[in-house]
Every structure is written in structure tokens, then in C-alpha cells.
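Chemist: Chains A and B supply the protein sequences, listed in that same order.
Each residue of the first sequence is one higher than the one before, counting from 0 in numbering that gives the first Met the number 0.
Each residue of the second sequence is one higher than the one before, counting from 0 in numbering that gives the first Met the number 0.
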Amino acid sequence: MRPGLAHDILVLSADHLFLVAVSASAAVAIGVPLGIWSARHPRPRKWTLGFASVMQTVPSLALFGFLIPVPWIGGIGKRTAIVALILYALLPILRNTVAGILGVDAAVRESAVAMGMTEGQILWQVELPLAARTIMAGIRVAVVVTVGSATIAAAIGGGGLGEFIFRGIATVDTTQILAGAIPAAVMALLVDGGLGWVEKRLARS
Amino acid sequence: MDRFVSEANRSSAGSGPAVSFRDVSFARAGRAVLDCVNLEVMPGETLVLLGRSGSGKTTALKMVNGLLFPDSGAVIVDGKPTTEWDPIQLRRRIGYVIQETGLFPHFTVSRNVGLGPALAKWLPDRIEKRTREMLQSVGLDADHVGQRYPAQLSGGQRQRVGVARALASDPSLLLFDEPFGALDPITRHELQDEFLRLRRVFGKTSLFVTHDVREAMRLGTRIALLSGGRLDVVAAPAEFPRSASPEAQAFVACLREEGA
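#1: Show which residues of chain A have a CB atom less than 8 Å away from the CB atom of ARG90(B).
#2: From PHE163(A) to LEU194(A), what does the alpha carbon distance come to, in whole angstroms?
#3: Could you tell me the boundaries of the beta strand (DSSP E) in which VAL47(B) lies?
#4: CB ALA141(A) to CB ILE92(A), shorter than 7 Å?
#5: Alpha carbon to alpha carbon, how far is GLY115(B) from PRO123(B)?
#6: Sort out for me which residues DSSP pairs PRO80(B) with in a bridge.
#7: Check whether the Cβ atoms of GLN98(B) and GLY219(B) sit closer than 7 Å, and answer yes or no.
#8: What span of residues does the alpha helix (DSSP H) with ARG241(B) cover, start to end?
#9: Grab me the residues of LEU66(A)'s own chain with a C-beta within less than 7 Å of its C-beta, minus the 5 sequence neighbours each way, in chain order.
#10: Does ALA180(A) have its Cβ less than 7 Å from a Cβ in chain B?
#11: Could you list which residues in chain A have their beta carbon closer than 7 Å to that of HIS105(B), in chain order?
#12: What does a CB cutoff of less than 6 Å around SER244(B) pick up in its chain, not counting 5 residues either side in sequence?
#13: Are there 16 or more other CB atoms within 10 angstroms of the CB of GLY49(A), so buried, or fewer, so exposed?
#14: Which residues does DSSP pair with PHE20(B) in a beta bridge?
#15: Go to TYR95(B), then tell me how far its beta strand (DSSP E) extends in each direction, as first and last residue.
#16: Taking the beta carbon of LEU67(B) as the centre, do at least 16 other beta carbons fall within 10 Å, making it buried, or is it exposed?
#17: From the DSSP output, in three-state form, read off PHE68(B) for me.
#18: Apply the 10 Å Cβ neighbour rule to ILE100(A) and answer buried if 16 or more other Cβ atoms are within range, or exposed otherwise.
#19: Taking only the alpha-carbon atoms, compute the straight-line gap between GLY147(A) and GLY119(A) and give it to the nearest angstrom.
#20: Would you please verify whether the beta carbon of ALA206(A) is less than 7 Å from any beta carbon of chain B?
#21: Do LEU182(B) and GLY155(B) have their beta-carbon atoms positioned less than 7 Å apart in this structure?
#22: So what's ALA28(B) in DSSP terms, helix, strand or just coil?
#23: Short of 7 Å Cβ to Cβ, which residues in the region 72-94 of chain A face chain B?
#24: LEU188(A) and HIS15(A) - do their beta-carbons sit closer together than 7 Å?
#25: According to DSSP, is ARG221(B) part of a helix, a strand, or is it coil?
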């Protein structure tokens, strides 16, 4: 193990975490409202869910590649990587939000309407609290997947722990590969555990 | 046939009918659910809408608080057609009790009961006091059940909470959609007694949907029989069995067979 490796691991882990945090937050900020909207509008729903599904089925390396020539969001670097990660994380969040909102008992929703609650009150006081656990489960899957796929960001100059992995593959250096893979795996486990705890808390309340 | 049609044309809120259906028709998927229904609910009475499944009784009920609107005709509540009411204001004036599933599973019993007052922006102290009173009036102890969740109660208790919730914001009119349908016969009988007692105490105008002719006979001050979306008979419980209508006779027959 060469000197300074520990320092590099720390720096690239922080970089990796940054990629994950930014893209996961953006995916939540887009996915949850879009999911609520899709739950209310059955016709466009199949298009929004279809779009998210297609994004998910594109192999992640290819998705990063496809975005490079796209104007504004494309090019080499972090911005492109983040856009790709957002698109990749969207499906579980969107799908679970739709499922959570549509899963609210019709009788509960009807009695909320009949009590004279406004649409906003029904959303915030009834639908979102009852859907919270399902939505949180989707967010958890999305974030864990993002930790993994963010390693591919290095392929288009996005940084993160993937730099170790790609460098290790190019130089046939197992130590380098592990220096990227192990912290990424630990990060995924920690995030999974942490969000799993939040999910359980939501279930109890 | 309906003898109460166009009995009066008064439209003022005070002395006139609490609710009137005027030539109300409603169709879904090409099928007439309600066909030219005329009916008036007078203040203080309990009008039972009796009918088989699919007779249109629940549809009629949902038109009173603007969950549904007529395709033609009008439903007039407190002198104003439902289409002219602000739906939120209309619904807050009307209590609504459905089968137990209508309670919010993530709210405690107290919060469920206090929902109407909270929506009307009462002060917290007053909401708490009112919640206690209402739970007490349906035979539940706020200290005992107030902090529980609906899933932790029995079916009969949940239904009592549903009634307390509907009464909490002191509505002028109560709508019941087969509220006791899912209960065992003994609990159902107890809750019917409770309903009669509460009517003596509060004297609220009520519209009560059921397919149970016994329940209709016990609770109704008048029974309106719906058949295939048409109003077949309107009669007081004592007169109902003497009606010549075949549908009414079919209901009376099951009353006899059950050995009433």
C-alpha cells in the first residue's frame, strides 16, 4: 500500500458522497412531486412511469455516455454525472410515491373530502403521512443504487470512488480497485441502515 | 308513490325542508342510477333511504354533501342548490358517518373526533373539551380511548368514534351510509339504541342509508324506498308494511321471515 492512499480514499469518498447527496436530493425533489401529480392523473401516469422505467433499463454506463453530447446538461464532468444519477434514481422514488398515494384507503380519502378538508389538507394531513413509509422505502432503494452507480461517474470525469476502480482496472492493480470498491460498499450499507431506521420510525408513528 | 313531493316551495333555511331533491337524475356508464327523484327531508326527522344494493341510495346520499352532483335536477340544502355552495363550506356543515374504515388510521381517537373543529379553526382548549364531551356522549371515556389509534379499538367502538366525529363540529345535518353494516348483530343493536338516544339528546336531522329493513323500521321517522333508481314508496314505519308496492312487500317479507 503506497503512502497517501488513506488520504486519497478520504478525499474521493467525500467527493463520492457529494455526488450521491446532490443527485439523490434532486431525484427526491423531482420524483416525489411528480409521483403525487402522476397519482392524480391516470392518463399521463403511464408516460411518467414509462419514462422512468426506460431510464432505469438503459445500462448505467451507456446512460452516462449518452448524456455527453447533449447540450446544456452534457459534456465531461460532474454536472453530466449528476444528471445521469438523477435519471437513474427516479424510478423507485416515482413508483413508490404513486403506489403510496394510490394505496391510501378509498374510504379514508372519501371521508377526508366529506369532512370538508381542502385538497392541500388531504395531501399533507392524510395522504403523505399514510404513504410516508412506502415513499421512504423507494427513496432508500434509490439512494443505495446511487451509491453504487456513482462509481461509474468517473468514466466521464465525474470523480468519486470510481476513479480508483477505473485506474485499478487500467493498471491491473487490485489494491486500487478495492480502495474504490470497499468504501463504496461500506457507504451503501451505512446509507441502507440509516434510511431503514428512518423508514421504521415512520411506520411506527 | 311519493306523497311529499312539492308539498311546499319554501326555500328559506329556517322552516323549510333541510334537504330537497328536485327531479334529480344521475347516470353512470349509460345506466340510470337515479331517475327523477323528488324527496324532502324535514328538520329534525330521520329519513331512511332503504333499498337493495345498486338501488341508488348511496348515490343520493353523496349528492347532499356534494361528493356527487346531479346530471339534471337539483339537490337543495338549506335553501341553496349544492352546485351553488362552496363545497368545502357545505361539507363542514354536514356530518358524515360511513363504515368503520372512514376513520384516519394515523390519527388518535381524540384527533379523529377533533378534526372537524380543528378544520373550523377552533382554539385547542375548546377542541379538547368538545372532543371529551363528544366521546362521552357516545359512551366512550376520553382518558381510556382518546390516545389510542382506531386499529386498537373494537368495531363497535370505532363506529362510536365515527359518530362522535360527525357530531363534533355541531352540524345541522347528519348523513349515515350503512354505518352499522359491518357489525355483529348485538353490537349493531346497541348502536341503534345509541342512535335513538342521541337523537333525543341532539335532535339532528339525519339521512340514513341502509339495506336492512329492520334497521329502517327501528330508526326511521320516515322510510324512502328506492328501487332501480326510482323513488318507490315514502312512508312512516307504521305504514310501510301496508304499502302495495311489490318492492316494499319484498322487504316486508324478509322482515316476517326473520321473525320480527
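Cβ atoms here follow ideal geometry from the backbone N, Cα and C, with glycine treated the same way.
Modeler: Short version:
#1: Position 91 of the second sequence, counted from the first residue, corresponds to residue 90(B). Within chain A, the residues near ARG90(B) are VAL112, ALA113, MET114, GLY115.
#2: As a position in the first sequence, residue 163(A) is number 164, starting the count at 1. As a position in the first sequence, residue 194(A) is number 195, starting the count at 1. Approximately 27 Å, taken between the alpha carbons.
#3: Position 48 of the second sequence, counted from the first residue, corresponds to residue 47(B). Run containing VAL47(B): 45-50, per the beta strand (DSSP E) assignment.
#4: Translated into the one-based positions of the first sequence, residue 141(A) becomes position 142. Translated into the one-based positions of the first sequence, residue 92(A) becomes position 93. It is a contact, given that the beta carbons lie within the stated cut-off.
#5: As a working note, residue 115(B) is residue 116 in the second sequence. As a working note, residue 123(B) is residue 124 in the second sequence. For GLY115(B) and PRO123(B), the distance between alpha carbons rounds to 12 Å.
#6: Looking up residue 80(B) in the second sequence gives position 81. ILE75(B), per the DSSP bridge assignment.
#7: Translated into the one-based positions of the second sequence, residue 98(B) becomes position 99. Translated into the one-based positions of the second sequence, residue 219(B) becomes position 220. No. Outside cutoff.
#8: Here residue 241(B) corresponds to residue number 242 of the second sequence, with the count starting at 1. Unbroken run through ARG241(B): none, as it is neither H nor E.
#9: Within the first sequence, residue 66(A) is the residue found at index 67, counting from 1. The residues are ILE72, GLY73, THR79, VAL82, ALA83.
#10: Looking up residue 180(A) in the first sequence gives position 181. Taking Cβ atoms only, chain B never reaches closer than 7 Å to ALA180(A), which makes this a no.
#11: Position 106 of the second sequence, counting from 1, holds the residue named residue 105(B). By Cβ distance, chain A contributes PRO128, LEU129.
#12: As a working mapping, residue 244(B) is identified with position 245 in the second sequence. Excluding sequence neighbours, SER244(B) sits near ASP231, VAL232.
#13: Looking up residue 49(A) in the first sequence gives position 50. Classification of GLY49(A): exposed, given that the 10 Å Cβ count is below 16.
#14: Position 21 of the second sequence holds residue 20(B). For PHE20(B), which the question treats as bridged, DSSP gives the partners LEU38(B), VAL74(B).
#15: As a position in the second sequence, residue 95(B) is number 96, starting the count at 1. First-last of the beta strand (DSSP E) with TYR95(B): 93-96.
#16: For the purposes of this step, residue 67(B) is taken as the residue at position 68 of the second sequence. Classification for LEU67(B): buried.
#17: Taking the first residue of the second sequence as 1, we reach residue 68(B) at position 69. The answer is coil: DSSP assigns PHE68(B) none of H, G, I, E or B.
#18: Counted from its first residue, the first sequence places residue 100(A) at position 101. Under this definition ILE100(A) is a buried residue.
#19: Translated into positions along the first sequence, residue 147(A) becomes position 148. Translated into positions along the first sequence, residue 119(A) becomes position 120. Going by the C-alpha atoms only, they are around 37 Å apart.
#20: Look at the range of chain A in this structure, 0 to 204, and you will see that residue 206(A) is not part of it.
#21: What you label residue 155(B) is simply residue 156 of the second sequence in a count that begins at 1. What you label residue 182(B) is simply residue 183 of the second sequence in a count that begins at 1. Going by C-beta atoms, GLY155(B) is nearer than 7 Å to LEU182(B).
#22: Locating residue 28(B) in the second sequence gives position 29, where the first residue counts as 1. Here ALA28(B) sits in coil by DSSP.
#23: none
#24: Here the question's residue 15(A) lines up with position 16 in the first sequence. Here the question's residue 188(A) lines up with position 189 in the first sequence. No. Outside cutoff.
#25: Translated into the one-based positions of the second sequence, residue 221(B) becomes position 222. In the structure shown, ARG221(B) sits in a strand (DSSP, three-state: E or B).
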